[in-house]
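Let me begin by presenting the structure, written as structure tokens, before commenting on it.
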Amino acid sequence: MGEQPSWQDVLDLISQLNESDYESASVQVGDVSIRLSKNDAVFDAPTTAGRVGAQPRIETGFDTPTASATQPAAAAIPTAAPAAALGDTIDAPMIGVFYRRPSPGAAPFVEPGQRVEADTTIGIIEIMKLMNPIVAGKAGVITDFLVTDADAVEFGQPLATIDTSA
Amino acid sequence: MGEQPSWQDVLDLISQLNESDYESASVQVGDVSIRLSKNDAVFDAPTTAGRVGAQPRIETGFDTPTASATQPAAAAIPTAAPAAALGDTIDAPMIGVFYRRPSPGAAPFVEPGQRVEADTTIGIIEIMKLMNPIVAGKAGVITDFLVTDADAVEFGQPLATIDTSA
Amino acid sequence: MSDVPVILVANRGEIAMRIIAAARRIGASPVLAASVADKDSPAARAADRVIVIGASPANQSYLKPEQVAQAAVMAGAAAVHPGYGFLSEQPALCELLEEEGIAWVGPRPETLRAVGDKGSARQVAIDAGVPVGAGVEIDDPTNVVALGEQIGYPLLIKAIHGGGGRGIRLVTNPEELVELAPQAAAEAVAAFGNGALYLERYYGRARHVEVQVFGDGEGNAWIFGDRDCSVQRRHQKLIEECPAPGLSEKRRQLLHDSSRALVKVLRYRGAGTVEFLVDTESEDVIFLEVNARIQVEHPVTEEAFGVDLVAAQLRLALGLDPELPDVGPVPPAAVIEMRINAEDPNADFQPNSGDITRLVWPKGPGIRIDTQIEEGYRFPPFYDSLMAKLIVRAHNRDAAVAAATAAVRNVTIDGLKTTLPMHAYVLAHPDFIAGGIPTSWFGPVWEARKESLT
Amino acid sequence: MSDVPVILVANRGEIAMRIIAAARRIGASPVLAASVADKDSPAARAADRVIVIGASPANQSYLKPEQVAQAAVMAGAAAVHPGYGFLSEQPALCELLEEEGIAWVGPRPETLRAVGDKGSARQVAIDAGVPVGAGVEIDDPTNVVALGEQIGYPLLIKAIHGGGGRGIRLVTNPEELVELAPQAAAEAVAAFGNGALYLERYYGRARHVEVQVFGDGEGNAWIFGDRDCSVQRRHQKLIEECPAPGLSEKRRQLLHDSSRALVKVLRYRGAGTVEFLVDTESEDVIFLEVNARIQVEHPVTEEAFGVDLVAAQLRLALGLDPELPDVGPVPPAAVIEMRINAEDPNADFQPNSGDITRLVWPKGPGIRIDTQIEEGYRFPPFYDSLMAKLIVRAHNRDAAVAAATAAVRNVTIDGLKTTLPMHAYVLAHPDFIAGGIPTSWFGPVWEARKESLT
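Just so you know, the sequences run in chain order A, B, C and D. Counting along the first sequence from 1, when you hit position 99 you're at 99 in our numbering, and nothing is skipped either side. Counting along the second sequence from 1, when you hit position 62 you're at 62 in our numbering, and nothing is skipped either side. Counting along the third sequence from 1, when you hit position 403 you're at 403 in our numbering, and nothing is skipped either side. Counting along the fourth sequence from 1, when you hit position 272 you're at 272 in our numbering, and nothing is skipped either side.
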């Protein structure tokens, strides 16, 4: 970097990092060093080793394979954590009223613990008296339903959790 | 960094960090180092000796006797300033035009390097044709003038730096 | 049921903010039906609740009647305000809501149908005694002189089966008509398989003037003056003002009386606009269409007359007195609205989207800003390019133009290209300052400016 | 020298924002003279430059003429706008600036002197033929019946050397006067060492009505209608409106003509206000004083008439045409301003300061907010308690009261106690809705409310 950051630069960077999605960050430029953490689970190691010239360096605290990689700030933004398999959900593809059964009194389409394929119907969404079958969209084991039978749901609302690694 | 942060800069930074989402932070600029923690679960390095419970902690890198003292942030605001001797300034007590000499062509009231007492006149501020002598306000050695002769100055603007430890 | 009625806002952007404000004005609870892209928008934050109705593209959310109706049911809405565009003039949503006993903030579905089609709207106008454009079918292309006289010059020869601008010829005198009519018939046969032609009067230098009406649904009308919306680019309005400058008392009365007659014939309910073409080269005034909704440019009328049209719409839909005054034909102020679009006027008005990094609005007397944008707002690529409406009021038109000029100069929007430079240019142009420019004015003037810069 | 004139804004808070907006309106560059406490304020950010003139307490900054003048010199100001309060009616700053060739946005220093003193202001009014309060000195306390008749009842006996409310007696009929006058004389001798008394007419149920004037400095006046400012607590205005409701044409004409005569006599320059007491129990109209500055409540006039008084002040000071229209005596709209103060109306209007944690303003037609506050702003303890002015305009007074009621309901200011609950109460009170309450109305009504709550 041609010039040392000014004090204002430092303030701006901290402010920018605060608005970012990083849990923690460490930036060192020349003799300017900034380390920040939103969860405190970091900074145990000797972090100042391995400077990359005068490049700004950001260290995230994620314990994933990418955590210690050195990369420019801009590149880091959307390449987030590898979707934890257990947290996967099946989301409502439309607004309406969600039913787990084909008709009142009938057995549910699926129960938690049951394995589904992408095209397995897991419920129905009624929108203005039109019934729309809802399929799982991915294969796996339904771990839980997040809405109750006959709940109104919005577009994109998680209906059920699914373990796609199972 | 070309310039060292002033004491006010440090206070501003701490205030900014306090309003941020960070649990902990460490900032080092030149020989100024700031490390803060909202929960104290960090900074296991040798510098963490002498923590005061979960209080935020400020460590200045100024090489003064108080530099490594641990103190709460709130207390640090105006009183705490163990007046870093080198960074101390004499500020304009009024808006006006600052003169270093009693009259054009005359010798300056004081020169950098010169020792002053609290009541030593270091210049004049003219406000709407009224001349007001400006005294140092504290004893020490004038290290530098921050404004040029006949500069317009605002209220509170630093006029000169003074080493009060000298 | 609570005694605070819920208003479902079935729109986005600045008009969603406007409807939310009107709901708050009358003490109702605004709930926003939003696409995923808008679920955290400023309008979403301003509402009491947000219901996500569909994906970001409008055709998967804002344009789906059953999704909006479902949201209205879920919200327990007493009424649904559709804003403008989207489903605002579609009978479909209106009818779905009727079945659910939810009020529609707009005219009856039969009104929407009657004015939604050019042909039937023309017939309604004729029934109401409103002047419509002269048009006549040609029986014999070799015998057209009398028909030409009947229509007047200049006129257009149009192939009845043509469309999209094809099969149209401009004729400025009888000699041309005699020469071109047989040719056009032959070409129409060749191009469309049918040689039927008709003649229509051509107004190359007409203004767009419209009348703000508000009907009680039983044939009675409030008339809130007129607006001039002649600063247009490709039929898109850029600047609107109230009142229309330089209208003779006689013309104004014809416009207002015609609009009143239409409200009566339609038993029109709520806010609407009757659009006219007002010729600058003849005394002709021609009915264009009825816009059966609140319009983008309604604020100029509100500010000119000191009324709240959107609150009045809501009140009427809830079965209340709309609380509107009877006013004179000319308001006691002049108001100008500038549409600030996320378009680059120096690059053929190409739309752009992205983050608004800095935003400063002018302040002071008579300034109103209708917008959803704020600093840090990410202007989305999915919807139309209207970012904000800058509305300026003063005691007369000269003062309003001066105030608008200063207001435009004092807007800062960083991060996106906007139409602000275009507004600055138009407001300083002697033709605009003089008032009464036709809709054909802006295009060539802006082109000429571009050429003068290169 | 640049052709963009610099305007030094010698004030803070909402009026600093207002002057900055007016400077931008006329294309000038606003520079703020700020105390240390205000150096990072919203007004500071809105200005092109900030000059720190002194410490936070006003008597070390905003009240120091030489510090403000010095800032004006340093800014290269073409003119200094003093706002209201602080140095706005002091000849001192005005004269310092004159020496430097910097324009003062306000009347001449001799005008400030002439109207700054009650006695000389009264004499100016008498010279201009403006009705002043009847007052007469008592020669002989045992012979007062004729003097009493001359003044009229009720009246006040005042000790000439009394003051601060001491030595004043209210008398409602001649018998009381005969009995009390000798007593009062004896008491005055005992208390003030001098028994001199005078009689003054007492108006217990008078309204505060004022006229907005704008003089060209050569004797010509624009009159921008009147304002009613009778909702007062201990002489502090809480709510103002334009026009004053229920004034007869004759009274209005007397007020306006009197104001015009004063402008002429004073060769008044710029914006000013002539305050009157308008009795509700007699036909009396009494001159109170001339306020030789822009007033807090100027926006109601601006919105009612569609003018920019502050921009006009700046233009006039810069030697330009103020660009003001001639208007009729009654504006074509009704406007109400509510002063939102950082005071707790339920705790004797005790002021408070601190952080504004949440701030939501109502939006919609006819709403204007004049303020410096924003979310996160730390309301300082050093200055007066005015946080914001909420100004609402509608086509008539009933609609304006309704709109104001809704607007107050839709303000959210968290972090500080404000006068909003007081506004909600007054706006809903039948006396206020009826219009024309006297200045003595609010005090007991608010007390009675408090008692009814406990």
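Backbone N, C-alpha and C define an ideal beta-carbon position, used for all residues, glycine too.
query: Any C-beta of chain A sitting closer than 9 Å to the C-beta of Leu-96 (chain C)?
result: Position 96 of the third sequence, counted from the start, is the residue given in the question as residue 96 (chain C). Yes - at least one Cβ of chain A is within 9 Å of the one on Leu-96 (chain C).
- Query: Nearest to Asn-132 (chain B) by alpha carbon, out of D:Pro-154, D:Gln-67 and D:Pro-182?
  - Reply: As a working note, residue 132 (chain B) is residue 132 in the second sequence. That would be D:Gln-67, whose Cα lies nearest to the Cα of Asn-132 (chain B).
- Which of helix, strand or coil does DSSP assign to Gln-350 (chain C)? Locating residue 350 (chain C) in the third sequence gives position 350, counting from the first residue. The answer is strand: DSSP assigns Gln-350 (chain C) an E or B state.
- Residue range of the alpha helix (DSSP H) that Tyr-425 (chain C) falls in? By one-based count along the third sequence, residue 425 (chain C) stands at place 425. Tyr-425 (chain C) -> alpha helix (DSSP H) spans 420-427.
For this session: Starting from Arg-293 (chain C), find everything on chain D with Cβ-Cβ shorter than 8 Å and list it in chain order.
Result: Counting from 1 along the third sequence, the entry for residue 293 (chain C) is found at position 293. What Arg-293 (chain C) touches in chain D: nothing, since even the nearest Cβ is about 18 Å away.
message: Can you list, in chain order, the residues of its chain with a C-beta nearer than 8 Å to that of Arg-233 (chain C)? Leave out the 5 residues immediately preceding and following it.
response: Along the third sequence, one-based indexing puts residue 233 (chain C) at 233. Same-chain partners within the cutoff: Phe-349, Phe-442, Gly-443 and Trp-446.
_Asp-414 (chain D): first and last residue of the uninterrupted beta strand (DSSP E) it sits in_ = Start at 1 with the first residue of the fourth sequence, and residue 414 (chain D) comes out as number 414. Here the beta strand (DSSP E) through Asp-414 (chain D) covers 412-414.
With distances taken between CB atoms, is the gap from Ala-455 (chain C) to Leu-8 (chain C) smaller than 9 Å? Any answer about residue 455 (chain C) is impossible in this case: the structure gives chain C only from 1 up to 454.
**Asked** Just how far apart, CA to CA, sit Arg-100 (chain B) and Ile-53 (chain D)?
**Response** Counting from 1 along the second sequence, the entry for residue 100 (chain B) is found at position 100. Counting from 1 along the fourth sequence, the entry for residue 53 (chain D) is found at position 53. If I take the Cα positions, the gap works out to 21 Å.
query: What first and last residue would you give for the beta strand (DSSP E) that runs through Arg-100 (chain B)?
result: As a position in the second sequence, residue 100 (chain B) is number 100, starting the count at 1. First-last for Arg-100 (chain B): undefined, no H or E at that position.
- Can you say whether Pro-430 (chain C) is buried or exposed, counting buried as having 16 or more other CB atoms within 10 angstroms of its CB? Position 430 of the third sequence, counting from 1, holds the residue named residue 430 (chain C). Pro-430 (chain C) is exposed by the Cβ-count criterion.
Taking Cβ positions only, does Phe-305 (chain C) come closer than 9 Å to chain D? Stepping through the third sequence from its first residue, residue 305 (chain C) is reached at position 305. Yes - at least one Cβ of chain D is within 9 Å of the one on Phe-305 (chain C).
Q) Taking Cβ-Cβ distances below 7 Å as the criterion, which residues of the region 150-162 of chain A are in contact with chain C? A) Ala-152, Glu-154, Phe-155 and Gly-156
request  = Could you tell me whether any Cβ in chain D is nearer than 9 Å to the Cβ of Ala-21 (chain C)?
outcome  = Within the third sequence, the letter at position 21 stands for residue 21 (chain C). By this cut-off, Ala-21 (chain C) is an interface position.
At the level of alpha carbons, what is the spacing between Val-116 (chain B) and Ile-51 (chain D)?
Within the second sequence, residue 116 (chain B) is the residue found at index 116, counting from 1. Within the fourth sequence, residue 51 (chain D) is the residue found at index 51, counting from 1. Roughly 29 Å between the two C-alpha positions.
Are at least three pairs of beta-carbons, each pair with one atom in the region 329-336 of chain C and one in the region 399-410 of chain C, less than 8 Å apart?
yes
ask   = Considering only the beta carbon of each residue, do Glu-240 (chain D) and Arg-227 (chain D) sit closer than 9 Å?
value = Numbered from 1 along the fourth sequence, position 240 holds the residue referred to as residue 240 (chain D). Numbered from 1 along the fourth sequence, position 227 holds the residue referred to as residue 227 (chain D). Cβ distance < 9 Å, so Glu-240 (chain D) and Arg-227 (chain D) count as in contact.
### Query
How should His-235 (chain C) be labelled, buried or exposed, when 16 other C-beta atoms within 10 angstroms of its C-beta is the threshold for buried?
The residue given as residue 235 (chain C) occupies position 235 in the third sequence. Its Cβ having fewer than 16 others within 10 Å, His-235 (chain C) is exposed.
Out of D:Leu-93, D:Gly-435 and D:Val-144, which one is the CA nearest neighbour of Cys-229 (chain D)? As a first step, residue 229 (chain D) must be located in the fourth sequence, where it is residue number 229. Nearest C-alpha to Cys-229 (chain D): D:Gly-435.
**Item:** Residues bridged to Val-171 (chain A) [DSSP beta-bridge criterion]
**Value:** Missing from the structure shown is residue 171 (chain A); chain A here goes from 1 to 166 and no further.
Next on the checklist: I'd like to know if Ala-79 (chain C) contacts chain D, where contact means its C-beta is closer than 9 Å to some C-beta of that chain.
Outcome noted: Counted from its first residue, the third sequence places residue 79 (chain C) at position 79. Closer than 9 Å: no.
Just how far apart, CA to CA, sit Leu-159 (chain B) and Val-147 (chain B)?
Your numbering for residue 159 (chain B) matches position 159 in the second sequence. Your numbering for residue 147 (chain B) matches position 147 in the second sequence. Cα to Cα, the separation comes out at about 6 Å.
Mind checking if Ile-102 (chain C) is an interface residue toward chain A, Cβ cutoff 9 Å exclusive?
Counting from 1 along the third sequence, the entry for residue 102 (chain C) is found at position 102. Not one chain A Cβ lies under 9 Å of Ile-102 (chain C).
Quiz prompt | Environment of Glu-218 (chain D) [buried if 16+ CB atoms lie within 10 Å] | solution = In the fourth sequence, the residue the question calls residue 218 (chain D) occupies position 218. Per the 10 Å Cβ criterion, exposed.
Item to check | Identified DSSP bridge partners for Ala-159 (chain C) | outcome: Residue numbering aside, residue 159 (chain C) sits at position 159 when the third sequence is read from its first letter. Beta-bridge pairing links Ala-159 (chain C) to C:Leu-197.
Handout entry: 9 Å Cβ cutoff met for Gly-306 (chain D) and Pro-365 (chain C)
Key = Along the fourth sequence, one-based indexing puts residue 306 (chain D) at 306. Along the third sequence, one-based indexing puts residue 365 (chain C) at 365. Yes, the Cβ-Cβ distance between Gly-306 (chain D) and Pro-365 (chain C) is below 9 Å.
Review point. Shorter than 9 Å from the beta carbon of Met-131 (chain A) to some beta carbon of chain C?
Key: Taking the first residue of the first sequence as position 1, residue 131 (chain A) is located at position 131. No, no contact with chain C.
Q | Closest Cα partner of Asn-278 (chain C) within the set C:Val-296, C:Arg-24, C:Val-36 and C:Leu-254 | A | Counting from one through the third sequence, the residue named residue 278 (chain C) turns up at place 278. First, the amino acid is wrong: residue 278 (chain C) is Val here, not Asn. Checking every option, the nearest Cα to that of Val-278 (chain C) belongs to C:Leu-254.
Notebook entry, point to check: Is there contact between the region 319-331 of chain D and the region 389-397 of chain D, where contact requires at least three CB pairs shorter than 8 Å?
Noted result: no
- Item | Option in D:Gln-60, D:Val-105, D:Asp-284 and D:Pro-30 with minimal Cα separation from Arg-49 (chain D) | Stepping through the fourth sequence from its first residue, residue 49 (chain D) is reached at position 49. Ranking the options by Cα distance to Arg-49 (chain D), first place goes to D:Pro-30.
Checklist entry - Quick one, are the C-beta atoms of Val-141 (chain A) and Asp-119 (chain A) less than 9 Å apart? => result For this step, residue 141 (chain A) is matched to residue 141 along the first sequence. For this step, residue 119 (chain A) is matched to residue 119 along the first sequence. Not in contact: Val-141 (chain A) and Asp-119 (chain A) (Cβ atoms no closer than 9 Å).
Span separating the alpha-carbon of Arg-51 (chain B) from that of Thr-164 (chain B):
Counted from its first residue, the second sequence places residue 51 (chain B) at position 51. Counted from its first residue, the second sequence places residue 164 (chain B) at position 164. Confidence is the limiting factor: at Arg-51 (chain B) the pLDDT is only 32, short of 50, which leaves the residue's position unreliable, though a coordinate-based value still follows. Approximately 30 Å, taken between the alpha carbons.
Which chain B residues are close to Val-392 (chain D), counting only those with a beta carbon under 9 Å from its beta carbon?
Walking along the fourth sequence from the start, residue 392 (chain D) turns up at place 392. In chain order: nothing, as chain B lies at least about 35 Å away.
Q: Give a yes or no on whether 9 Å exceeds the smallest Cβ distance from Val-6 (chain C) to chain A.
A: Counting from one through the third sequence, the residue named residue 6 (chain C) turns up at place 6. Taking Cβ atoms only, chain A never reaches closer than 9 Å to Val-6 (chain C), which makes this a no.
- Compare the C-beta of Ala-44 (chain D) against all C-beta atoms of chain C and say whether one is closer than 9 Å. Here the question's residue 44 (chain D) lines up with position 44 in the fourth sequence. Judged by the 9 Å Cβ criterion, Ala-44 (chain D) is not in contact with chain C.
Notebook entry, point to check: Name the chain C residues that come within less than 8 Å of Ile-95 (chain A), Cβ to Cβ?
Noted result: Numbered from its first residue, the first sequence carries residue 95 (chain A) at position 95. Those are Ile-51, Val-52, Ile-53, Gly-54, Gln-67, Gln-70, Ala-71 and Met-74, listed as they occur along chain C.
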